[in-house]
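Colleague: So that we are looking at the same thing, I have put the structure below in structure tokens.
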Amino acid sequence: MKTSFVIMGLPASGKTTFLAALWHLVESGETECRLKLDRYDGDLTYLNRIAQSWRTFEKVPRTSQVGDVNVTIHLLDRATGEKGAAFFPDLAGETFDQQVEGRRCRTEFVEQVSVDDGILFFINADVKDDFLSVTELNAKLPGGGAEPEAEPAEKSAEDLLGGEVAEKATVSMHEWEPKLLPVQVRVVQLLSDFLRPPFTLRRRRLAVMISAWDLIRDSGISPDQWLAAKMPLVDQFLKSNEASFKHHIYGVSAQGVRLNDREAVGQAAKLESSRRIQIVSAESEGHDLTVPLVWLMSADE
Ligand SMILES: Nc1nc2c(ncn2[C@@H]2O[C@H](COP(=O)(O)OP(=O)(O)OP(=O)(O)O)[C@@H](O)[C@H]2O)c(=O)[nH]1
Ligand SMILES: [Mg+2]
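Using this note's numbering, the first residue of the sequence shown is number 2, and each one after it goes up by one.
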């Protein structure tokens, strides 16, 4: 097996934390995983550094601060005995923001995507204000969303914009700009970019990784239900583009806890490190983060 994965996700979507936990998992051998470490090769400084932060409950560095890193892990499939190198580019989320806002992407990314064996697309479950309905959003705007009073028809535009009203309007109104796009619109833009040049048009395997799943777990909903309820645009896009994306949705808790929750960190620290990890899908639940990689690599049935 020679495998290239593409890791995508907006800033702080959980990409590096996943890689850190994955490296710890396959390197330590604490838990039985479908894919295990075959051999050490290449520069492991970055992987060891992020795994060290992960083990000691420190935030992994933001990729924009350390620079993009390409990581290769040599894996062995326990079920088939196949060996090979799995390649993961760890890019800063800002790269994907730029693709959405500036409509530009790097040639290397286009090349990686043309040879990839599957995409891991991270979405952080801990996003706020992105799920508001128009009514809820209006209620948060200055003025509390109260219905505007009907103006008498005979008032001129000048009257309406004059004096105090115009002054308030300049204070509270901002020109729309791409940076104001909500997360789910960005995600759909990034996915729909694959449907036109410069990207090669073909059916792709896509693992949607809902990260920070520990924050959602107790609500009892499944990752599929979460996506449908919280990011309906993404959910509908995937359902109506089955011909372009064969997708699977996973809830991933790579870190296990919120790092500023001292009590939860204290509890998690008593466990074997790999036990913090949880990955949930419609079919399975466990600690094996290699499950989505195996699914991405599996042949079309
Ligand atoms: N609660 C919880 N938080 C998580 C989990 N995984 C990541 N986080 C948090 O999510 C934030 C972003 O994590 P990163 O792994 O740095 O995300 P990234 O996608 O690599 O971010 P960039 O490098 O900036 O693109 C951090 O504050 C993490 O602590 C998790 O499993 N649970
Ligand atoms: Mg990162």
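Positions of the beta carbon are idealized from the N, C-alpha and C atoms, including for glycine. Since this is a predicted model, take the numbers as computed values, not measurements.
Would you give the residue range spanned by the beta strand (DSSP E) that Y251 belongs to?
Modeller: On the sequence shown, residue 251 is found 250 positions in, with the first residue counted as 1. Unbroken beta strand (DSSP E) run through Y251: F246 to S254.
Colleague: Within this structure, are the beta carbons of A208 and G119 separated by less than 9 angstroms?
Modeller: Taking the sequence shown and counting its residues from 1, the one referred to as residue 208 is at position 207. Taking the sequence shown and counting its residues from 1, the one referred to as residue 119 is at position 118. Yes; because the gap between Cβ atoms is below 9 angstroms, this pair is in contact.
Colleague: Are the CB atoms of V70 and D91 nearer to each other than 9 angstroms?
Modeller: Here residue 70 is taken as the residue at index 69 of the sequence shown, counted from 1. Here residue 91 is taken as the residue at index 90 of the sequence shown, counted from 1. It is a contact, given that the beta carbons lie within the stated cut-off.
Colleague: Quick check: is any heavy atom of ligand 2 less than 8 angstroms from the C-beta of K16?
Modeller: For the purposes of this step, residue 16 is taken as residue 15 along the sequence shown, with counting starting at 1. Yes, Cβ of K16 sits closer than 8 angstroms to a heavy atom of ligand 2.
Colleague: State the Cα-Cα distance for the pair V292 and R35, rounded to the nearest angstrom.
Modeller: One-based indexing of the sequence shown puts residue 292 at position 291. One-based indexing of the sequence shown puts residue 35 at position 34. C-alpha separation (whole angstroms): 7 angstroms.
Colleague: Ligand 2 and F93: does the residue's C-beta get closer than 8 angstroms to at least one heavy atom of that ligand?
Modeller: Looking up residue 93 in the sequence shown gives position 92. At residue 93 the sequence reads Ala, which differs from the Phe that was named. Within the cutoff, so yes.
Colleague: At the level of alpha carbons, what is the spacing between S5 and R206?
Modeller: One-based indexing of the sequence shown puts residue 5 at position 4. One-based indexing of the sequence shown puts residue 206 at position 205. Computed Cα separation, rounded: 12 angstroms.
Colleague: By a C-beta neighbour count over all protein chains shown, 10 Å radius and 16 as the cutoff for buried, is L193 buried or exposed?
Modeller: Here residue 193 refers to the residue found at position 192 of the sequence shown. Sequence inspection shows Ser at residue 193; the Leu mentioned does not correspond to that position. Its Cβ having fewer than 16 others within 10 Å, S193 is exposed.
Colleague: So, at 6 angstroms on beta carbons, what are the nonlocal neighbours of Q185 in its own chain, with the 5 sequence-adjacent residues on each side left out?
Modeller: If you number the sequence shown from 1, residue 185 lands on position 184. Cβ within range, chain order: M232, L234 and V235.
Colleague: Quick check: the Cα distance between S134 and V101, rounded to an integer number of angstroms?
Modeller: For the purposes of this step, residue 134 is identified with residue 133 of the sequence shown, where counting begins at 1. For the purposes of this step, residue 101 is identified with residue 100 of the sequence shown, where counting begins at 1. Near 23 angstroms, if we compare the C-alpha coordinates of V101 and S134.
Colleague: Does the Cβ-Cβ distance between F88 and V72 come in under 9 angstroms?
Modeller: The residue given as residue 88 occupies position 87 in the sequence shown. The residue given as residue 72 occupies position 71 in the sequence shown. Cβ distance < 9 angstroms, so F88 and V72 count as in contact.
Colleague: Closest to A52 by C-alpha separation, out of D44, L23, S65 and I74, would be which residue?
Modeller: Within the sequence shown, residue 52 is the residue found at index 51, counting from 1. Nearest option by C-alpha distance: L23.
Colleague: If you draw a straight line from the alpha carbon of E284 to that of M174, how long is it in whole angstroms?
Modeller: Taking the sequence shown and counting its residues from 1, the one referred to as residue 284 is at position 283. Taking the sequence shown and counting its residues from 1, the one referred to as residue 174 is at position 173. For E284 and M174, the distance between alpha carbons rounds to 47 angstroms.
Colleague: Go through its chain and collect everything with a Cβ distance to A158's Cβ below 6 angstroms, but skip five positions before and after it.
Modeller: As a working note, residue 158 is residue 157 in the sequence shown. Residue placement at A158 is flagged as unreliable, the pLDDT there being 49, under the threshold of 50; the coordinate-derived value follows with that caveat. Counting only Cβ-Cβ distances below 6 angstroms, and skipping sequence neighbours, we find nothing.
Colleague: Leaving out the 5 sequence neighbours to the left and right, which residues in its chain are closer than 6 angstroms to L38 when beta-carbon positions are compared?
Modeller: Within the sequence shown, residue 38 is the residue found at index 37, counting from 1. Once the five neighbours on either side are set aside, the close Cβ partners of L38 are V27 and E28.
Colleague: Tell me whether Q56 sits in a helix, a strand or coil according to DSSP, three-state version.
Modeller: Here the question's residue 56 lines up with position 55 in the sequence shown. Contrary to the premise, residue 56 reads as Arg rather than Gln in this sequence. R56: helix per DSSP, three-state reduction.
Colleague: Start and end of the beta strand (DSSP E) containing A87?
Modeller: Reading the sequence shown from its first residue, position 86 is the one you call residue 87. Looking at the DSSP string, the run of the beta strand (DSSP E) that includes A87 is K84 to D91.
Colleague: May I have the straight-line CA-CA distance separating N49 from Y41, to the nearest angstrom?
Modeller: Locating residue 49 in the sequence shown gives position 48, counting from the first residue. Locating residue 41 in the sequence shown gives position 40, counting from the first residue. For N49 and Y41, the distance between alpha carbons rounds to 12 angstroms.
Colleague: Using a threshold of 9 angstroms, state whether the C-beta atoms of K3 and G85 are closer than that.
Modeller: On the sequence shown, position 2 is the one that residue 3 refers to. On the sequence shown, position 84 is the one that residue 85 refers to. Against a cut-off of 9 angstroms, the Cβ pair of G85 and K3 comes out as a contact.
Colleague: Find the nearest neighbour of K271 within the set F58, S54 and M9, judged by alpha-carbon distance.
Modeller: On the sequence shown, position 270 is the one that residue 271 refers to. Checking every option, the nearest Cα to that of K271 belongs to F58.
Colleague: Is there at least one non-hydrogen atom of ligand 2 closer than 8 angstroms to the beta-carbon of R50?
Modeller: Along the sequence shown, one-based indexing puts residue 50 at 49. No; taking the cut-off as 8 angstroms, the Cβ of R50 has no heavy atom of ligand 2 nearer than that.
Colleague: Return the Cβ separation of G94 and S14 in integer angstroms, given the expectation that the two are a contact with Cβ distance under 8 angstroms.
Modeller: Walking along the sequence shown from the start, residue 94 turns up at place 93. Walking along the sequence shown from the start, residue 14 turns up at place 13. Correct: roughly 6 angstroms between the Cβ atoms.
Colleague: Let me check you understand the geometry: is the CB of Q53 closer than 8 angstroms to at least one non-hydrogen atom of ligand 1?
Modeller: In the sequence shown, the residue the question calls residue 53 occupies position 52. Every heavy atom of ligand 1 is 8 angstroms or more from the Cβ of Q53, so no.
Colleague: When the Cα atoms are used, what is the spatial distance from K16 to G10?
Modeller: Taking the sequence shown and counting its residues from 1, one reaches residue 16 at position 15. Taking the sequence shown and counting its residues from 1, one reaches residue 10 at position 9. Cα to Cα, K16 sits roughly 7 angstroms from G10.
Colleague: Please classify P198: is it buried, with 16 or more other beta-carbons within 10 angstroms of its beta-carbon, or exposed?
Modeller: Your numbering for residue 198 matches position 197 in the sequence shown. It is exposed - the Cβ of P198 has fewer than 16 other Cβ atoms within 10 Å.
Colleague: Does the Cβ of R63 lie closer than 8 angstroms to at least one heavy atom of ligand 2?
Modeller: Mapped onto the sequence shown, residue 63 falls at position 62. For ligand 2, at least one heavy atom lies less than 8 angstroms from the Cβ of R63.
Colleague: Does DSSP put M298 in a helix, in a strand, or in coil?
Modeller: By one-based count along the sequence shown, residue 298 stands at place 297. In the structure shown, M298 sits in a helix (DSSP, three-state: H, G or I).
Colleague: Is the beta carbon of A255 sitting closer than 9 angstroms to the one on L290?
Modeller: On the sequence shown, residue 255 is found 254 positions in, with the first residue counted as 1. On the sequence shown, residue 290 is found 289 positions in, with the first residue counted as 1. Yes, these two residues count as a Cβ contact at 9 angstroms.
Colleague: So what's A158 in DSSP terms, helix, strand or just coil?
Modeller: Translated into the one-based positions of the sequence shown, residue 158 becomes position 157. The pLDDT assigned to A158 is 49, lower than 50, so where the model puts this residue is not dependable; a value taken from the coordinates is nonetheless given after this. Three-state DSSP puts A158 in a helix.
Colleague: G43: beta carbon under 8 angstroms from a heavy atom of ligand 1?
Modeller: As a working note, residue 43 is residue 42 in the sequence shown. No, Cβ of G43 sits at least 8 angstroms from all heavy atoms of ligand 1.
Colleague: Could you check where the beta strand (DSSP E) with A208 kicks off and where it finishes?
Modeller: Counting from 1 along the sequence shown, the entry for residue 208 is found at position 207. R205 to S212 is the extent of the beta strand (DSSP E) around A208.
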